[in-house]
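Heads up: the sequence shown begins at -19 in our numbering, then just goes up one per residue. We treat Cβ as the ideally placed atom computed from N, Cα and C, and that holds for glycine. Reviewing the structure listed below.
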Amino acid sequence: MLKTLPDLRGFARFLTRDATAADDLVQDTVVRALASQSQFETGTTLKAWLFTIQRNAFYEQRRRSSREQEVMQDFELDMPVSSEAPSMQSARDAVTDLGEILWKLPDLLREAIILVGAQELSYEDAACICNVPPGTMKARVSRARSQLAALTETENLSEIHI
């Protein structure tokens, strides 16, 4: 389980968009997993099982807290200004731009592209996490990639016209 902690934290960061909330979500995930370890089926992927627990915990917390959206928007507005060298700044800007474009995707598509693309899960494992058939996960990833390409093209065109 320790080997999956960095992946759990990465997925939690994408879900919560807040480092502190992500750490809390990872802790909650580990506690829930340990409490229900008898439910883990031998022969299945531990990472997928943990991601499922984490995803369910996140959505449960989200349903309970109506302020979650406000907190996520406040975090977005409070991005620190960097004093690093220009090359590091441009790399940081590119990552920030990618993050902004990812957040323009619908929740289900963003979740699919993060699980399959960033977390390198198989379509089958990602489908288990989201409780959908593998074909649905493949379609979501495909639509997410298409929308990302379109959004990237739109962002580039808007820079040219400025």
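Nearest neighbour of residue i, chosen from the options [CA to CA]
i, options, result
"Ile81", "Arg12, Ala2, Leu131, Ala15", "Leu131"
"Leu30", "Thr116, Gly(-10), Ile93", "Gly(-10)"
"Lys(-17)", "Lys27, Gln127, Arg(-7)", "Lys27"
"Thr153", "Leu128, Ala106, Ala129, Met(-19)", "In the structure as shown, the chain starts at -19 and stops at 142, and residue 153 therefore has no counterpart that could be examined."
"Gln41", "Ala92, Thr9, Ser18", "Thr9"
"Thr116", "Glu91, Glu100, Ala98, Gln34", "Glu91"
"Leu128", "Leu5, Ile93, Gln19, Leu101", "Ile93"
"Val6", "Gly23, Gln19, Met(-19), Phe20", "Met(-19)"
"Pro114", "Arg125, Val96, Asp4", "Val96"
Under the three-state DSSP convention, the category residue i falls into
i, result
"Asp8", "helix"
"Asp(-2)", "coil"
"Met(-19)", "coil"
"Ala130", "helix"
"Thr116", "helix"
"Pro86", "coil"
"Phe38", "helix"
"Phe31", "helix"
Beta-carbon gap between residue i and residue j smaller than 7 Å
i, j, result
"Tyr103", "Lys118", "yes"
"Leu88", "Arg43", "no"
"Ala2", "Arg12", "no"
Any chain C beta carbon closer than 7 Å to residue i
i, result
"Ala28", "Given the protein chain composition of this structure (a single chain), no chain C is represented."
Alpha helix (DSSP H) segment containing residue i, residue limits
i, result
"Ile94", "Looking at the DSSP string, Ile94 is not in any alpha helix (DSSP H), and its letter there is neither H nor E."
"Glu104", "103 to 110"
Cβ pair count under 8 Å reaching 3, the stretch 108 to 115 against the stretch -8 to -1: Counting C-beta pairs with one atom in each stretch, the stretch 108 to 115 and the stretch -8 to -1 have fewer than three that are closer than 8 Å, which means they do not touch.
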